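J.:
2 protein chains.
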Amino acid sequence: MEIRTLCLGILALGDATGYEIKKMVAEGSFSFFSEASYGSIYPALTKLTEEKLIDCRAEQQEKRPDKKVYSLTPDGRKVLEKALTKDPGPDRNRSEFLAALLFAEAVAPTRVSDLILDRIEQHDEKITELSALLDYNSPDSASNFVIEYGIAIQKAAKKFLTTHKDRLR
Amino acid sequence: MEIRTLCLGILALGDATGYEIKKMVAEGSFSFFSEASYGSIYPALTKLTEEKLIDCRAEQQEKRPDKKVYSLTPDGRKVLEKALTKDPGPDRNRSEFLAALLFAEAVAPTRVSDLILDRIEQHDEKITELSALLDYNSPDSASNFVIEYGIAIQKAAKKFLTTHKDRLR
DNA sequence: CCACAATATATCAATTTGATAGTAACGGTA
DNA sequence: TACCGTTACTATCAAATTGATATATTGTGG
């Protein structure tokens, strides 16, 4: 997904500043399946505003710099709808852990079980973190669906590692 | 994982050309947890060669351009071992599917179940694809471990979607 | 026989990252 | 009270990376 569509989509869920978009992507319910940096978000918002796909209103705040709050325009909504008719591309996963595992077997085999044990712990942390994002007020929302999907994946990964951790000796 | 380390690690598993590295990353057992393009692989190989971390020998071939076969040097091996002592960073996953699901609920709710049904099929394809990569001659290799990990994740994702597909109506 | 895939190297504009900078309030702690 | 780290906000930029494309030859299915 291009940053453009990501911004459009997030704004379809509610108005937001660039900072808030970044936060959702880095810490919120988007964090485990999306990434974007300021260097891509801000230019995207500027360009989308020029194209009238989003609106920008400056909200004054006492003793703080103005907030630039962006919201989707009807045109932007159309463009988003159009983008969503296309098949989503395949997932792109990068795992330093799996690469390290593969390489460690070749050059530092004693490292392998450390790697796996650490990773199992990290899954527990991630599961706790994701569970905290669940919203019990709207149990059947897409947001909860996506978070529970994330939890299911984390649990499956943990289970695989726990079951097979002694295989690589 | 930096491209540099990725190249070093792949060469630790055996000599290879830039083309072969790209192929492993795009189609082989690395395909579901790593990515890299020619534009990053070739410059990385050139730089690593300059730094004497890898060697390059030109293999002549009849009627084809020379193959540049790269191999890890003892120095390169040391650098790789060092890199592997560091904790691997967290996985980075990008899923257009999950983003589309979240956005579709807001702007095109009828699209949601299509998205999920298509995705379930794609998981079946991916499972078949990964299974074909398994090497039955070395059942306990790290390579098979990683592929089976991938299969386990695909199955878990498929199961989640199958179980919960009717929740978002 | 032809179009297309595979083998192989390589480049490049456009995008994206990751780090950093600036500014101000708030919270904890010494 | 002074200091320090964090949160809130916008913004930039060098460096890394992508994705597409070019070039050239052989092998292969229709």
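Quick mapping for you: the protein sequence lines, in order, are chains A and B. Residues -19 to 149 in the numbering used here are what the first sequence lists, from first letter to last. Residues -19 to 149 in the numbering used here are what the second sequence lists, from first letter to last. We treat Cβ as the ideally placed atom computed from N, Cα and C, and that holds for glycine. A quick note: this is a predicted structure, and the numbers were derived from the prediction, not measured.
1. Going by DSSP, what residues sit across from A/ALA86 in a beta bridge?
2. Any beta carbon of chain A sitting closer than 7 Å to that of B/MET(-19)?
3. Hey, how far is the Cα of B/ILE(-10) from the Cα of A/ALA84?
4. Does any residue of chain B bring its CB to less than 7 Å from the CB of A/SER75?
5. What did DSSP end up calling A/LYS47 once you bin it into helix, strand or coil?
6. Here's a check: name, in chain order, each residue in its chain whose Cβ is nearer than 6 Å to the Cβ of A/VAL5, leaving out the five neighbours to either side.
7. Taking the straight line between their C-alpha atoms, what separation do you get for B/SER51 and B/ALA(-8)?
8. Applying the criterion that 16 or more other CB atoms from any shown protein chain within 10 Å of the CB defines a buried residue, is B/GLN40 buried or exposed?
9. Give the interface partners of A/GLY126 over in chain B, defined as CB-CB distance under 7 Å, in chain order.
10. When DSSP builds the beta bridges, which residues end up paired with B/CYS36?
11. Reducing DSSP to helix, strand and coil, say where A/ARG74 ends up.
12. B/LYS135: which of B/GLU105, B/LYS2, B/PHE77 sits nearest, CA to CA?
13. Could you check which residue in A/LYS48, A/ARG57, A/ALA80, A/PRO70 has the C-alpha nearest to that of B/LEU60?
14. Please state the DSSP three-state secondary structure of A/ALA122.
15. According to the Cβ coordinates, are B/PHE77 and A/PRO68 closer than 7 Å?
16. With distances taken between CB atoms, is the gap from A/LEU82 to B/ALA122 smaller than 7 Å?
17. For A/LEU33, which residues of its own chain have a beta-carbon under 7 Å away from its beta-carbon, when the five flanking residues on both sides are left out?
18. Indicate the three-state DSSP secondary structure (helix, strand or coil) for A/ALA24 in the structure shown.
19. Looking only at C-alpha atoms, which of A/ASP71, A/ILE96, A/LEU114 sits nearest to A/HIS144?
20. Between A/ASN117, A/LEU110, A/SER93, which lies nearest to A/PHE10 when the distance is taken from Cα to Cα?
21. If contacts are defined as beta-carbon pairs under 8 Å, then B/ILE21 and B/LYS2 qualify, I think. What distance do you get, rounded to the angstrom?
22. Restricting to Cα atoms, I'd like to know which of B/GLY(-6), B/ILE127, B/THR108 is closest to B/ASP115.
23. Leaving aside the five residues before and after B/ASP(-5) along the sequence, list all residues of the same chain whose C-beta is less than 7 Å from its C-beta, in chain order.
24. Can the beta-carbon of B/LEU64 be found closer than 7 Å to that of A/ALA88?
25. Step through the CB atoms of chain B and report whether any lies within less than 7 Å of the CB of A/CYS131.
26. On a Cα-Cα basis, can you pick out the residue from A/PRO70, A/THR108, A/ARG74 that is closest to B/LEU(-14)?
27. I want to verify the contact list: residues of chain A whose CB lies under 7 Å from the CB of B/HIS144, in sequence order.
28. With distances taken Cα to Cα, identify the nearest neighbour of A/GLY130 among A/ARG147, A/ASP146, A/SER118, A/ALA112.
29. Taking the straight line between their C-alpha atoms, what separation do you get for A/LEU25 and A/GLY8?
30. Contact criterion: CB-CB distance below 7 Å. Does B/GLU61 meet it with respect to chain A?
31. Find the residues of chain B that neighbour A/GLU15, judging by a C-beta separation of less than 7 Å, and give them in chain order.
32. Taking the beta carbon of B/ARG149 as the centre, do at least 16 other beta carbons fall within 10 Å, making it buried, or is it exposed?
33. When the Cα atoms are used, what is the spatial distance from B/LYS66 to A/ILE100?
34. Taking just the CA atoms, how far does A/CYS36 sit from B/PHE12?
T.: Walking through what the data contain:
1. Looking at the DSSP output, A/ALA86 sits in no beta bridge, so it has no partner there.
2. Chain A, which has a Cβ nearer than 7 Å to the Cβ of B/MET(-19), makes this yes.
3. Rounded to the nearest whole angstrom, the C-alpha separation of B/ILE(-10) and A/ALA84 is 11 Å.
4. Interface residue, yes.
5. Of the three classes helix, strand and coil, the one that applies to A/LYS47 here is strand, per DSSP.
6. Cβ within range, chain order: SER14, ALA16.
7. Distance between the alpha carbons of B/SER51 and B/ALA(-8): 8 Å.
8. Classification for B/GLN40: exposed.
9. Residue 126 of chain A is actually Val in this sequence, not Gly. Going along chain B in sequence order, the residues near A/VAL126 (Cβ under 7 Å) are LEU78, LEU81, LEU82.
10. In the DSSP assignment, the residues bridged to B/CYS36 are B/TYR50.
11. Reduced to three states, the DSSP call for A/ARG74 is strand.
12. Among B/GLU105, B/LYS2, B/PHE77, the Cα nearest to that of B/LYS135 belongs to B/GLU105.
13. With respect to the C-alpha of B/LEU60, the residue from A/LYS48, A/ARG57, A/ALA80, A/PRO70 having the closest C-alpha is A/ALA80.
14. Note: A/ALA122 maps to helix in three-state DSSP.
15. Contact: yes.
16. A Cβ-Cβ contact shorter than 7 Å links A/LEU82 with B/ALA122.
17. Residues LEU(-12), THR53, ASP55, GLY56, VAL59 of the same chain have their beta carbon placed closer than 7 Å to that of A/LEU33, with the five preceding and five following residues left out of the count.
18. A/ALA24 falls in the helix class under three-state DSSP.
19. Closest in alpha carbon position to A/HIS144, among A/ASP71, A/ILE96, A/LEU114, is A/ILE96.
20. Taking only the C-alpha atoms, the option nearest A/PHE10 is A/LEU110.
21. Indeed, because the Cβ distance is near 6 Å, the residues count as touching under 8 Å.
22. Looking from the CA of B/ASP115, the closest CA among B/GLY(-6), B/ILE127, B/THR108 belongs to B/ILE127.
23. Within the same chain, and ignoring the five residues on either side of B/ASP(-5) in sequence, the residues whose Cβ sits closer than 7 Å to its Cβ are VAL49, TYR50, SER51.
24. Yes, the Cβ-Cβ distance between B/LEU64 and A/ALA88 is below 7 Å.
25. According to the sequence shown, residue 131 of chain A is Ile rather than Cys. Chain B contact via Cβ: absent.
26. Checking every option, the nearest Cα to that of B/LEU(-14) belongs to A/ARG74.
27. Within 7 Å Cβ-Cβ: PHE125.
28. Comparing Cα positions, the closest option is A/ALA112.
29. In a straight line, the C-alpha of A/LEU25 is about 19 Å away from that of A/GLY8.
30. True, the Cβ-Cβ gap to chain A drops below 7 Å.
31. Simply ARG72, ARG74.
32. In summary, B/ARG149 is exposed, with fewer than 16 beta-carbon neighbours lying within 10 Å of its beta-carbon over all protein chains present.
33. Straight-line Cα distance between these residues: approximately 17 Å.
34. One C-alpha to the other measures close to 39 Å.
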